[in-house]
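Asker: Read in order, the letters of the sequence shown are residues 3 to 362 in this note's numbering.
Backbone N, C-alpha and C define an ideal beta-carbon position, used for all residues, glycine too.
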Amino acid sequence: MEIIERKISVRELVEGYSDNAESGVFALAGKLNVRPPYQREFIYGEKQRAAVIETVLAGFPLSLIYWSVNEDGTYELMDGQQRTVSICQYVNGDFAFDFLYFNNQPEDVKNRILDYRLSVCICKGSPSEKLKWFEKINIASVPLTQQELRNATYHGPWVSDAKRYFSKTGCPAYQIGSAYMAGTPIRQDYLETAIRWMSKNNIDIYMAAHQNDATAVTLWNYYQNVISWVKALFPKYRNIMKGVDWGTLYNKYGEGVYDPAVLEERVAALVLDDDVTAKKGIFPFLFDGDEKHLSIRAFTPAMKLKAYEQQGGICPMCGNHFDFEQMEADHITPWSQGGRTLQENCQMLCRDCNRRKSSR
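1) Using the beta-carbon count (16 or more within 10 Å), is T195 buried or exposed?
2) Please report the residue range of the beta strand (DSSP E) in which D81 lies.
3) Pull up the distance between the alpha-carbon of K306 and that of D325, whole angstroms please.
4) Within this structure, are the beta carbons of V71 and K126 separated by less than 8 Å?
5) With which residues is A196 paired in a DSSP beta bridge?
6) Here's a check: name, in chain order, each residue in its chain whose Cβ is nearer than 8 Å to the Cβ of S297, leaving out the five neighbours to either side.
7) By Cβ distance below 7 Å, which residues in the same chain neighbour D206 in space, the five residues on each side in sequence not counted?
8) Between F301, C317 and L265, which has its C-alpha nearest P286's C-alpha?
9) According to the Cβ coordinates, are R51 and S88 closer than 8 Å?
10) According to DSSP, simplified to helix, strand and coil, what is Q349?
11) Thinking just about the alpha-carbon of each residue, which of A210, L221 and A211 is nearest to the one in W199?
12) To the nearest angstrom, how far is the alpha carbon of A98 from that of M243?
13) Using only CA atoms, which one of D100, L15 and S11 lies nearest to K49?
14) In the DSSP assignment, find the unbroken beta strand (DSSP E) run with H333 in it and report its ends.
15) Tell me the DSSP bridge mates of K9?
16) Comparing alpha-carbon positions, which option in Q345, L288 and C320 lies nearest A304?
17) For H295, does the three-state DSSP call read helix, strand or coil?
18) Tell me which same chain residues have a C-beta within less than 6 Å of the C-beta of Q339, skipping the five on either side of it?
19) Quick one: is F351 buried, meaning 16 or more other Cβ sit within 10 Å of its Cβ, or exposed?
20) Please go through the same chain and pick out, in chain order, the residues whose beta-carbon is closer than 6 Å to the beta-carbon of Y224, but skip the five residues on each side of it.
21) Expressed to the nearest angstrom, what Euclidean distance is found between the alpha-carbon atoms of C348 and G321?
22) Might you give, ordered along the chain, the residues of its own chain that have their beta carbon closer than 8 Å to the beta carbon of P262, omitting 5 neighbours on each side?
23) Please determine, among Q213, P174, Q190 and G75, the residue with the shortest C-alpha to C-alpha distance to G158.
24) State buried or exposed for N105, treating a residue as buried only when at least 16 other CB atoms are found within 10 Å of its CB.
25) So, for V16: in the same chain, excluding its five sequence neighbours on each side, which residues have a beta-carbon less than 8 Å away from its beta-carbon?
26) So for P323, helix, strand or coil by DSSP?
27) Given V228, which residues of its chain have a CB within under 7 Å of its CB, disregarding the five upstream and five downstream residues?
28) Let's test the definition: count the other Cβ atoms within 10 Å of the Cβ of K202 and tell me whether it reaches 16, buried, or not, exposed.
29) With S70 as the anchor, note down where its beta strand (DSSP E) starts and where it stops.
30) With DSSP collapsed to three states, give me the class of S20.
31) Which same chain residues, not among the five before or five after Y167, have their C-beta less than 7 Å away from its C-beta?
32) Helix, strand or coil: which one does DSSP assign to I316?
33) In the DSSP output, which residue or residues are listed as bridge partners for K126?
34) If contacts are defined as beta-carbon pairs under 8 Å, then A164 and L193 qualify, I think. What distance do you get, rounded to the angstrom?
35) For the candidate residues C355, D292, G291 and E7, whose alpha-carbon lies nearest to that of C317?
36) Report the residue from S169, G258, Q107 and W69 whose alpha carbon sits nearest the alpha carbon of F289.
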């Protein structure tokens with residue numbers, strides 16, 4: 003890998019700057035691909051962008067930026083996208099700094115910004131060398147997520163198309179499913195979740211198999227089916243529906259026949275049940291009946307001790323005496339049969355009896 007160091011002025015960098023959802027992000031009169039396939043989305047917030055412009059105005063040096071050279075003499079940005087885009091956006095008038103847009107600045111300040119020189123390392127090498135170098139020199143203050151690293155490893159037409167659906171601010175996946183999805187598209191949470199659902203937790207295997215596919219339409223259609231299924235079964239939205247593992251439920255139960263009215267009645271009752279402490283667990287519980295999803299409220303230490311004293315340390319199932327530490331609290335009337343986590347419904351069983359009762 004050959005490395006050349008150059009100084010690039012902001013004036014040169016921002017020439018021909020364009021940011022298009024379809025064609026990508028380019029600068030340097032169209033010669034610099036600012037966001038090649040292996041790059042993450044732009045994630046800087048207002049304070050981070052402002053810090054970049056403040057550094058430029060003060061004339062302080064920014065960290066090294068890395069480009070790679072393509073065979074046709076154009077460049078790809080390997081590291082420094084967040085700083086590069088922040089500068090280009092400011093000069094382009096996309097945001098203000100210290101209440102002033104670039105065009106509102108005095109001419110001497112404009113020129114100070116445009117004449118600012120960035121330190122750029124330009125790397126020459128094969129595509130595989132460039133990818134390895136990209137992984138080594140990623141020195142951004144916000145580390146790459148696992149899915150961003152996967153996008154770099156398996157970059158190709160499939161990743162590019164998948165990012166169009168799942169990775170942009172306001173992307174189609176966000177528009178139809180943001181109420182049900184955890185995380186944010188630009189950090190690849192939506193893409194990672196969709197692939198995990200469809201691949202049944204084999205994300206790397208799936209991406210490797212589809213790396214050179216022309217489109218990600220199959221994944222997009224699957225995601226739409228999951229969201230449509232959720233909306234059809236649970237038409238009344240609740241905040242607890244955000245972040246539920248919907249794709250896994252769809253994979254297991256998507257072919258079943260369910261009455262949305264009956265489901266709504268059960269959801270409403272469980273939401274109001276104070277003994278249910280994990281409200282998100284209501285939805286998987288409706289399908290498999292496993293109470294572990296609900297984290298049923300436990301008896302307090304005071305309740306347990308009172309029950310133990312009332313029983314005289316005797317297990318009511320086997321009739322033997324045990325130390326307090328050898329016993330466990332149990333619902334006399336099980337929660338599933340309407341029993342609540344109240345003192346009068348608490349009994350202390352020895353561990354063996356409690357496990358035998360739980361397994362019935």
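Answerer: Quick look at the numbers:
1) Buried: at least 16 other Cβ atoms inside 10 Å.
2) Y77 to D81
3) 12 Å
4) Closer than 8 Å, so yes.
5) According to DSSP, which records beta bridges pairwise, A196 is partnered with nothing at all.
6) The residues are V278, T279, A280 and G283.
7) R152
8) Restricting attention to F301, C317 and L265, the CA atom closest to the CA of P286 is found in L265.
9) yes
10) strand
11) L221
12) 37 Å
13) D100
14) M329 to H333
15) S121
16) Q345
17) helix
18) none
19) Per the sequence shown, residue 351 should be read as Leu rather than Phe. Classification for L351: buried.
20) Apart from the 5 residues on each side of it in sequence, Y224 sits with its Cβ closer than 6 Å to the Cβ of M200 in its chain, given in chain order.
21) Spanning the two alpha carbons is a distance of roughly 17 Å.
22) A234, L235, F236 and P237
23) Ranking the options by Cα distance to G158, first place goes to Q213.
24) exposed
25) Result list for V16: A29, I89, C90, V93, N94 and L116, in chain order.
26) Here residue 323 is His; the residue named in the question, Pro, does not match the sequence. DSSP places H323 in strand when its eight states are reduced to three.
27) W199, W248, G249 and Y252
28) exposed
29) I67 to V71
30) strand
31) Around Y167: C173, P174, A175, A218 and W222.
32) strand
33) E4
34) 6 Å
35) C355
36) Of the candidates S169, G258, Q107 and W69, the residue whose Cα lies closest to the Cα of F289 is G258.
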